[in-house]
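There are 2 protein chains.
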Amino acid sequence: MIRFFFRLVIGLGSLVGDANAQEQPFQWHNPANSDVQGIAGRGWASGFASPFNRFPGSAKEQLRNDVWQLSRNSAGLYISFTTTAPEIVVRYTVEGGMAMPHMPATGVRGVDLYARDEKDYWHWVNGKYNFGDTVEYKFSHIHAAIPLKEYRLYLPLYNAVNWLEIGAAEGSSFAFLPVPQSKPIVFYGTSILQGACASRPGLAYSNMLGRRLSQPVVNLGFSGNGLLEAPVIDLLQSIDASLYVLDCLPNLYDAQRFSREEVQQRIETAVMNLRKTRPDVPILLVEHPAGVAAASLDTALVNPYRRVNQLQQAVFDKLQRSGIKKLYLLPAEAFSFDASTTVDGTHPTDIGMQRYTDTYERMIRKITGRPAKKQ
Amino acid sequence: MIRFFFRLVIGLGSLVGDANAQEQPFQWHNPANSDVQGIAGRGWASGFASPFNRFPGSAKEQLRNDVWQLSRNSAGLYISFTTTAPEIVVRYTVEGGMAMPHMPATGVRGVDLYARDEKDYWHWVNGKYNFGDTVEYKFSHIHAAIPLKEYRLYLPLYNAVNWLEIGAAEGSSFAFLPVPQSKPIVFYGTSILQGACASRPGLAYSNMLGRRLSQPVVNLGFSGNGLLEAPVIDLLQSIDASLYVLDCLPNLYDAQRFSREEVQQRIETAVMNLRKTRPDVPILLVEHPAGVAAASLDTALVNPYRRVNQLQQAVFDKLQRSGIKKLYLLPAEAFSFDASTTVDGTHPTDIGMQRYTDTYERMIRKITGRPAKKQ
Chain A
1 MIRFFFRLVI GLGSLVGDAN AQEQPFQWHN PANSDVQGIA GRGWASGFAS PFNRFPGSAK
61 EQLRNDVWQL SRNSAGLYIS FTTTAPEIVV RYTVEGGMAM PHMPATGVRG VDLYARDEKD
121 YWHWVNGKYN FGDTVEYKFS HIHAAIPLKE YRLYLPLYNA VNWLEIGAAE GSSFAFLPVP
181 QSKPIVFYGT SILQGACASR PGLAYSNMLG RRLSQPVVNL GFSGNGLLEA PVIDLLQSID
241 ASLYVLDCLP NLYDAQRFSR EEVQQRIETA VMNLRKTRPD VPILLVEHPA GVAAASLDTA
301 LVNPYRRVNQ LQQAVFDKLQ RSGIKKLYLL PAEAFSFDAS TTVDGTHPTD IGMQRYTDTY
361 ERMIRKITGR PAKKQ
Chain B
1 MIRFFFRLVI GLGSLVGDAN AQEQPFQWHN PANSDVQGIA GRGWASGFAS PFNRFPGSAK
61 EQLRNDVWQL SRNSAGLYIS FTTTAPEIVV RYTVEGGMAM PHMPATGVRG VDLYARDEKD
121 YWHWVNGKYN FGDTVEYKFS HIHAAIPLKE YRLYLPLYNA VNWLEIGAAE GSSFAFLPVP
181 QSKPIVFYGT SILQGACASR PGLAYSNMLG RRLSQPVVNL GFSGNGLLEA PVIDLLQSID
241 ASLYVLDCLP NLYDAQRFSR EEVQQRIETA VMNLRKTRPD VPILLVEHPA GVAAASLDTA
301 LVNPYRRVNQ LQQAVFDKLQ RSGIKKLYLL PAEAFSFDAS TTVDGTHPTD IGMQRYTDTY
361 ERMIRKITGR PAKKQ
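Chains A and B, in that order, are what the protein sequence lines are.
For the first sequence, UniProt numbering begins at 1 and goes up steadily by one.
For the second sequence, UniProt numbering begins at 1 and goes up steadily by one.
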């Protein structure tokens, strides 16, 4: 049913014709075999069943199978390295679908490379991709005049990575950079957090935020299975976080499935359980930004989102009255969603992802008291 | 090789469960059989080989086959109507691929519905889609409290539409609105103009501009075949335009294929030929916005874009010196492209599409002296 039509784009696709590139011998580097723990974006340092999993292997027994399977998608994971090579090749194999009707293969299955320069500006690096059984991205002709401090390779948002290698020309330097040790911001959420429907991984809001804030971000977004479940909250507690963000309402809107009491109890229990283990870590509750009138004329879509936002507001008010400190609420209106921000009334376009990032950045800087830095 | 994985999104996809919707009898309306010429976004009123073509049938003999075939894609076409129905169904058949690696099916093959209210604000209408042999979009639960003046249904960006019907509940009013008679802005360009890689048709910049400016826009973007060719310029001349926009440089960057002289001659000839027939219509030459350093670290990509921008600048200067009036240049820098604006170094993300729209809107208002209106 589905086929790509490369013919039409061949004019632009063949722009970077590297007749000589293949002749150059590459040295291959596998982050899973590296002495340095170089796979970043996770809340745990070790114990993974696969090097590209988001949860430690021990979590499998605690979690519903859907959550476990989704946690094998590499959303939010990235690999940092330095190299002097003007050409970088990434090759990898994955499990999972190639694309979704509203999200392209470059976002679902692709990788995305950024490079930080000496002024801490993040450049995007263009890659030629080839979605074969082994996926290959080739990043060529990298601007030699800009002094680069760090590359960051974002992994696929909706695929599980089985194996990955990074190639750099022989004779050039190459080193994986260790995972940063500062406390991460930990997000627990839905398909939106996981990255649907960013056109490429670097534009998922958790990845944009990580660059903007220069702080580790842990993406625990699980498609339609971000349901504020106790086993996941338990896992969250085991992370020494700087901030917990609970953004599961887009999966809890359905009144038939989740009664008023059920929704409110899940929110309250999640907050109280996090508070028990991590009394000083701020917690941010987030409304569904598509629960505003400007997002869609479809009342059957917007009204349930608004309802669940209101349910959470009531829990928030109650918890505040009961004296819970460092609890914050991010209201739907703050995101300024409108006719351009979602692809389907729920999942952000890249414009929506940018609004998410802007809004979260403002809120997180407010909570943590960190002033904005000029990019 | 490619398959969608609906399972993962089913939680959100099944949100609008319309058990009763199918029982309601619909009245079907075919814009191709309507008394009113209701298919808008074209430079000609009649003579089409298919109702959803962008060029009149007579153009086929003049054009290279690639251009003709691409002109059958319905990019920029839309259908305006009014209805009191709270549910609208659109069904249609198409030719062409389902998706591209960097552009989802919703943009390539999907339709997109907007509704203008009494304050001239354009609401987006959420639709449930089904990409079967007959594509179906169902727009339900349309907000009844907002007084709507006009619906606008944008057609697929990268498919040719063969047949299309709009269904509205029996007993509700329905009328196609005639194509506006005011002079259009006519764009001639590439895949970027055609809409790659907007996530849905309403976010292609020509469609966003049409809403923003409340003015007809003609999209003559032809993927990799927007090459400033004489036969296309001849066709442009036959349109009584308010402004011509020539945005073909993203297809003319390749120095091996297009020498300095060739590029410059194509630009100069295009301008002079338009001037001959349409002496008073302003002409806007546009640089490739990805020809700026911030767009990509890939020098082999950015440098040819910069080169071709410079070639055009020289022609522009020469033509201005020779006394040509109402000729304008939109420089690459004006678009403020950066690390978030393209999916592949060339084609805009939705963020890039919005920058295109903002930049064009500013420039067009400057040229035409129309002040900005608050949305």
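Think of the CB as a built atom: it goes at the ideal place given N, C-alpha and C, for glycine as much as any other residue.
Are the beta-carbon atoms of residue i and residue j separated by less than 9 Å?
i: residue 111 of chain A; j: residue 135 of chain A; result: yes
i: residue 305 of chain B; j: residue 233 of chain B; result: no
i: residue 192 of chain A; j: residue 247 of chain A; result: yes
i: residue 24 of chain A; j: residue 170 of chain A; result: yes
i: residue 222 of chain A; j: residue 290 of chain A; result: no
i: residue 253 of chain B; j: residue 283 of chain B; result: no
i: residue 217 of chain A; j: residue 207 of chain A; result: yes
i: residue 204 of chain B; j: residue 157 of chain B; result: yes
i: residue 92 of chain A; j: residue 40 of chain A; result: no
i: residue 143 of chain A; j: residue 148 of chain B; result: no
i: residue 140 of chain B; j: residue 83 of chain B; result: no
i: residue 186 of chain A; j: residue 241 of chain A; result: yes
i: residue 145 of chain B; j: residue 81 of chain B; result: no
i: residue 159 of chain B; j: residue 76 of chain B; result: no
i: residue 344 of chain A; j: residue 106 of chain B; result: yes
i: residue 90 of chain A; j: residue 138 of chain A; result: yes
i: residue 332 of chain B; j: residue 123 of chain A; result: no
i: residue 351 of chain B; j: residue 350 of chain A; result: yes
i: residue 355 of chain B; j: residue 341 of chain B; result: yes
Name the DSSP bridge partner or partners of residue i?
i: residue 285 of chain A; result: A:246 and A:329
i: residue 95 of chain A; result: A:160
i: residue 392 of chain B; result: The structure shown does not extend to residue 392 of chain B, since chain B spans only 1 to 375, so no value can be given for it.
i: residue 318 of chain A; result: In DSSP, residue 318 of chain A forms no bridge with anything.
i: residue 221 of chain B; result: B:189
i: residue 308 of chain A; result: Residue 308 of chain A pairs with nothing; no bridge assigned.
i: residue 79 of chain B; result: B:39 and B:153
i: residue 342 of chain B; result: B:348
i: residue 298 of chain B; result: A:142
i: residue 100 of chain A; result: A:103
Give the DSSP-derived three-state secondary structure of residue i in the structure shown.
i: residue 58 of chain B; result: helix
i: residue 14 of chain A; result: Because residue 14 of chain A sits at a pLDDT of 35, beneath the cut-off of 50, its placement in the model cannot be relied upon, and the following sentence gives the value as read from the coordinates. Coil.
i: residue 85 of chain B; result: coil
i: residue 212 of chain A; result: helix
i: residue 365 of chain B; result: helix
i: residue 324 of chain A; result: coil
i: residue 203 of chain B; result: helix
i: residue 134 of chain A; result: coil
i: residue 355 of chain A; result: helix
i: residue 240 of chain A; result: coil
i: residue 21 of chain B; result: Here residue 21 of chain B scores only 45 on pLDDT, less than 50, and its place in the model should not be relied on; the value that follows carries that caveat. Residue 21 of chain B: helix per DSSP, three-state reduction.
i: residue 360 of chain A; result: helix
i: residue 124 of chain A; result: strand
i: residue 258 of chain B; result: coil
i: residue 337 of chain A; result: coil
i: residue 90 of chain B; result: strand
Locate the beta strand (DSSP E) running through residue i, then write down its first and last residues.
i: residue 128 of chain B; result: 128–131
i: residue 41 of chain A; result: Where residue 41 of chain A is concerned, there is no enclosing beta strand (DSSP E), given that its DSSP letter is neither H nor E.
i: residue 232 of chain B; result: Where residue 232 of chain B is concerned, there is no enclosing beta strand (DSSP E), although the alpha helix (DSSP H) it sits in stretches over 230–237.
i: residue 53 of chain B; result: Per DSSP, residue 53 of chain B belongs to no beta strand (DSSP E) and is neither H nor E.
i: residue 66 of chain B; result: Note, residue 66 of chain B: premise wrong, no beta strand (DSSP E); alpha helix (DSSP H) at 65–71.
i: residue 105 of chain B; result: Residue 105 of chain B -> not in any beta strand (DSSP E); alpha helix (DSSP H) instead, spanning 105–108.
i: residue 175 of chain A; result: 174–176
i: residue 113 of chain A; result: 112–117
Between which two residues does the alpha helix (DSSP H) harbouring residue i extend?
i: residue 146 of chain A; result: Unbroken run through residue 146 of chain A: none, as it is neither H nor E.
Sufficient close CB pairs (3 or more, under 8 Å) joining the segment 36–54 of chain A to the segment 125–132 of chain A: no
The segment 67–80 of chain A in contact with the segment 259–273 of chain A per 3-pair CB rule at 8 Å: no
The segment 165–185 of chain B contacting the segment 288–308 of chain A, beta-carbon criterion three pairs below 8 Å: no
Meets three-Cβ-pair contact criterion under 8 Å: the segment 48–65 of chain B and the segment 195–202 of chain B: no
Contact between the segment 265–279 of chain A and the segment 114–124 of chain B (3+ Cβ pairs under 8 Å): no
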